[in-house]
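There are 2 protein chains.
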Amino acid sequence: MPQFQPVQPVRAYERIVEQVEEALARGDLSPGQRLPSERELVTQFAVSRSTVREALRVLESNGVVRSRPGDPKGPEILPYSQSALRKQMVRLARVDELSLSELIGFRMIMDGAAIQLASRLRTDEQLAEMEQTLVAMREAIDVDFDAFSEADVAFHEAVARVSRNSLIQVCNEVVRGVVLGLIADKVSHATNSRALMLESLQHHTEVVEAIRAGDGHAAARIARQNLYDYYATYVPTPDQPHLQALLDD
Amino acid sequence: MPQFQPVQPVRAYERIVEQVEEALARGDLSPGQRLPSERELVTQFAVSRSTVREALRVLESNGVVRSRPGDPKGPEILPYSQSALRKQMVRLARVDELSLSELIGFRMIMDGAAIQLASRLRTDEQLAEMEQTLVAMREAIDVDFDAFSEADVAFHEAVARVSRNSLIQVCNEVVRGVVLGLIADKVSHATNSRALMLESLQHHTEVVEAIRAGDGHAAARIARQNLYDYYATYVPTPDQPHLQALLDD
DNA sequence: GCCCACTAACTGGTCGGACCAGTGGACTAG
DNA sequence: CTAGTCCACTGGTCCGACCAGTTAGTGGGC
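Sequence lines, in order, name chains A and B.
Using UniProt numbering, the final residue of the first sequence is 249, and nothing's skipped along the way.
Using UniProt numbering, the final residue of the second sequence is 249, and nothing's skipped along the way.
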């Protein structure tokens, strides 16, 4: 007997979405190009305009296209953006399926890996870039916490670029955004924020030193420890061992 | 002068989506509950059915609800699932600029981290589970490569579960799927596939031994080395240093 | 009394047509 | 050649309709 699979009805708009996404995956469609107008798609797909519109709404919600009223050139194919990925991660985090400790643990892994890679693959120019972001952090301490946080982001982005792995870059950026969105207010209201910033700067300087020396393990270890020290207080006590397991002994 | 922000028109269906998602975030709506029927929503939101449907399509594409034709109870609020997150990650991975070396490098990081966490957080039952998947791998060698690959997946999934970090689980699963999709045929056509499988099993056994001993670093190192040995030949030579940078010296 | 087949009132999926406000390109007047 | 007007066309929304399918309630047969 052949094995039969349960079949659920495939709706017309879904097949439109599939066709567009396939064209995108095959390269027949690339960012910047335009889709035909809705009324034109109606004739091409031989469906009603409602169906075309439902497909476009789904594509739009997935960050694939964008429609603008009155634009004679039609819906635009968007370049890939992390916004949809971030949206899903935020949703995951909001449903409490994703605990803060998981997010921070993931950041420790990603950041540590990026730094380890950076310490082996960096060029001298890139090292200089990283040191430049350290200077910016020091200057930002005297402004306010937001400025410091911004400079901190710039540092981590520079490191992620050097890692030459765009998956790391994206994951880092997304998770950082989610974490910040979850606890930014708590951190910025900390009484001893200046001390925190100074300590963080110190850690970052040590990381760069280790990168300069090419000691990837030390650099990654310091980075993970820094993240742990920075965030551990916001993590429920029973979850803290999950983070400590990522620290070197 | 006040700083003005560019405003873009908010479409009616977007406000419906927002209202539903807010209700969900506030807890006024929980998984398992039902939304009113489309025609009922038409009166509640005071919009047309097309608009309601576009909102429902977006919610459905985001994995928030599911509509079934004929169901008098109306669209169902779904429990959170990672499928939408996975979809976005697959989209990211499919963007052509993502090279095989980046994917494999990411796998080395993820798998290594999962194994390091597992070696510290595992219970005895979980260790037994992992050893069980090793037995399955050994048995699968005598069947065929697909069976072995399946058992291998089971092993890595077991490890990811023990890591207690669902982000790692999802990332691992997604990246593994993408990598396999890219080079599965090449691997399975290798002439010495039996030797490869035996070697892989040997490596996995060593990993489990290190996990049993609680030596997270050794376990992670072996795992990364295993992945490197397994996949490096498929990576263009100029990219190989990017992977070697992830191996311990 | 219970069980089963039937019916009817829904459901979502799709269609076609209509109107509106706005865009942008072409066309015209200067 | 420029500046202004105009109009074809865009997407956003609405309405009404039909269909196939599910489901719950009804009714009849046992």
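Yeah, the Cβ is synthetic: ideal placement off N, Cα and C, and Gly gets one too.
**OP:** Tell me, please, whether the CB atom of residue 156/B is closer than 9 Å to any CB atom in chain A?
**Re:** The count along the second sequence starts at 1 and reaches residue 156/B at position 156. Judged by the 9 Å Cβ criterion, residue 156/B is not in contact with chain A.
Next on the checklist: Please list the terminal residues of the continuous alpha helix (DSSP H) segment that includes residue 119/B.
Outcome noted: In the second sequence, counting from the first residue as 1, residue 119/B sits at position 119. Residues 100–121.
Beta-carbon of residue 80/A versus every beta-carbon of chain B: anything under 9 Å?
Your numbering for residue 80/A matches position 80 in the first sequence. Interface residue, yes.
Contact list for the stretch 219–236 of chain A against chain B, Cβ threshold 8 Å = none
*Enumerate, from N- to C-terminal direction, the unbroken alpha helix (DSSP H) stretches of 4 or more residues contained entirely within the stretch 27–74 of chain A.*
38–45 and 49–61
>> Run through chain A and tell me which residues come within less than 7 Å of residue 50/B, C-beta to C-beta.
In response: Your numbering for residue 50/B matches position 50 in the second sequence. Ordered by position in chain A, the residues that pass the 7 Å Cβ test against residue 50/B are 50.
| task | Put residue 76/B into one of helix, strand or coil per three-state DSSP. | result | Within the second sequence, residue 76/B is the residue found at index 76, counting from 1. In the structure shown, residue 76/B sits in a strand (DSSP, three-state: E or B).
| Can you find a C-beta in chain A that's less than 9 Å from the C-beta of residue 160/B? | Taking the first residue of the second sequence as position 1, residue 160/B is located at position 160. Answer no: the Cβ-Cβ gap between residue 160/B and chain A never drops below 9 Å.
| query | If we call anything under 9 Å between Cβ atoms a contact, is residue 77/B one with residue 32/B? | reply | Here residue 77/B corresponds to residue number 77 of the second sequence, with the count starting at 1. Here residue 32/B corresponds to residue number 32 of the second sequence, with the count starting at 1. Taking 9 Å as the Cβ cut-off, residue 77/B and residue 32/B qualify as a contacting pair.
- Would you say the stretch 145–165 of chain B touches the stretch 43–62 of chain B, given that touching needs at least three Cβ pairs under 8 Å? no
Practice task
Look at the alpha carbon of residue 112/A and the alpha carbon of residue 120/A, and state the distance between them as a whole number of angstroms.
Solution key: Taking the first residue of the first sequence as position 1, residue 112/A is located at position 112. Taking the first residue of the first sequence as position 1, residue 120/A is located at position 120. Near 13 Å, if we compare the C-alpha coordinates of residue 120/A and residue 112/A.
**Request:** Check each candidate in 139/B, 7/B and 162/B and name the one with the smallest Cα separation from residue 127/B.
**Result:** Position 127 of the second sequence, counted from the start, is the residue given in the question as residue 127/B. Cα-wise, what sits closest to residue 127/B is 162/B.
Beta-carbon neighbours of residue 102/A, restricted to chain B and to distances below 7 Å = One-based indexing of the first sequence puts residue 102/A at position 102. Residues of chain B passing the Cβ test: 165, 166 and 167.
- [ ] Decide if residue 71/B is buried, meaning its Cβ has at least 16 other Cβ atoms within 10 Å, or exposed.
- [x] If you number the second sequence from 1, residue 71/B lands on position 71. Exposed: under 16 other Cβ atoms inside 10 Å.
- Determine the closest residue to residue 90/B out of 167/A, 224/A and 215/A, with distance taken between C-alpha atoms. In the second sequence, residue 90/B corresponds to position 90, counting from 1. Residue 90/B has its Cα closest to that of 167/A, out of 167/A, 224/A and 215/A.
| task | Grab me the residues of residue 131/A's own chain with a C-beta within less than 8 Å of its C-beta, minus the 5 sequence neighbours each way, in chain order. | result | For the purposes of this step, residue 131/A is identified with residue 131 of the first sequence, where counting begins at 1. Once the five neighbours on either side are set aside, the close Cβ partners of residue 131/A are 208.
| query | chain A partners of residue 37/B, CB-CB under 8 Å? | reply | For the purposes of this step, residue 37/B is taken as residue 37 along the second sequence, with counting starting at 1. Result: empty, since nearest Cβ-Cβ is about 17 Å, beyond 8 Å.
_the stretch 202–218 of chain A contacting the stretch 92–104 of chain A, beta-carbon criterion three pairs below 8 Å_ = no
For residue 66/B and residue 35/A, what's the separation of their Cα atoms in angstroms? Counted from its first residue, the second sequence places residue 66/B at position 66. Counted from its first residue, the first sequence places residue 35/A at position 35. About 28 Å.
- Item | Rounded straight-line distance, which links the Cα of residue 149/A to that of residue 194/B | As a working mapping, residue 194/B is identified with position 194 in the second sequence. As a working mapping, residue 149/A is identified with position 149 in the first sequence. Each residue's Cα considered, the two are about 52 Å apart.
- Partner residues on chain B for residue 246/A, Cβ-Cβ distance less than 8 Å: As a working note, residue 246/A is residue 246 in the first sequence. Those within 8 Å of residue 246/A in chain B are 113, 116 and 117.
- Please determine, among 155/B, 46/B and 23/B, the residue with the shortest C-alpha to C-alpha distance to residue 118/B. Taking the first residue of the second sequence as 1, we reach residue 118/B at position 118. Minimum Cα distance to residue 118/B is reached at 155/B.
Discussion item. Which complete alpha helix (DSSP H) runs does the stretch 153–202 of chain A hold, if anything under 4 residues is left out?
Written reply: 166–188
### Query
Closest by CA to residue 222/B, which one among 236/B, 199/B and 242/B?
Here residue 222/B refers to the residue found at position 222 when the second sequence is read from its first residue. When only C-alpha atoms are compared, the closest one is 199/B.
**Helix, strand or coil at residue 97/A [DSSP, three-state]** = As a working mapping, residue 97/A is identified with position 97 in the first sequence. Residue state, collapsed to three classes: coil.
What number of angstroms, rounded off, separates the C-alpha of residue 14/A from the C-alpha of residue 52/B?
Here residue 14/A corresponds to residue number 14 of the first sequence, with the count starting at 1. Here residue 52/B corresponds to residue number 52 of the second sequence, with the count starting at 1. So the two alpha carbons sit approximately 17 Å from each other.
**Report entry** Collapsed DSSP secondary structure at residue 245/B in the structure displayed
**Finding:** Position 245 of the second sequence, counted from the first residue, corresponds to residue 245/B. The answer is coil: DSSP assigns residue 245/B none of H, G, I, E or B.
Would you grab the beta carbon distance between residue 258/A and residue 94/A for me? Rounded to a whole angstrom, and I think it's under 8 Å.
Only positions 1 to 249 of chain A appear in this structure, which leaves residue 258/A out of reach.
For a contact meaning CB atoms closer than 8 Å, what does residue 95/B contact in chain A?
As a position in the second sequence, residue 95/B is number 95, starting the count at 1. Those within 8 Å of residue 95/B in chain A are 80.
- Message: Taking only three categories from DSSP, how would you classify residue 83/B?
- Response: Looking up residue 83/B in the second sequence gives position 83. The answer is helix: DSSP assigns residue 83/B an H, G or I state.
Exercise. Spell out whether any CB of chain B is found under 9 Å from the CB atom of residue 47/A.
Key: For the purposes of this step, residue 47/A is taken as the residue at position 47 of the first sequence. Judged by the 9 Å Cβ criterion, residue 47/A is not in contact with chain B.
Worksheet entry | Closest residue to residue 224/B among 24/B, 107/B and 22/B (Cα-Cα distance) | Mapped onto the second sequence, residue 224/B falls at position 224. Answer by Cα proximity: 107/B.
For residue 144/B, the three-state DSSP class (helix, strand or coil): Here residue 144/B corresponds to residue number 144 of the second sequence, with the count starting at 1. Coil, per DSSP.
Report the residues of the stretch 117–138 of chain B with a CB closer than 7 Å to any CB of chain A, ordered along the chain. 117, 120 and 121
Contact belief for residue 47/A with residue 12/A at Cβ below 8 Å, rounded distance in angstroms
Position 47 of the first sequence, counted from the first residue, corresponds to residue 47/A. Position 12 of the first sequence, counted from the first residue, corresponds to residue 12/A. 5 Å between Cβ atoms; contact.
Handout entry: residue 88/B beta carbon less than 9 Å from that of residue 88/A
Key = For this step, residue 88/A is matched to residue 88 along the first sequence. For this step, residue 88/B is matched to residue 88 along the second sequence. Yes, they are a contact pair.
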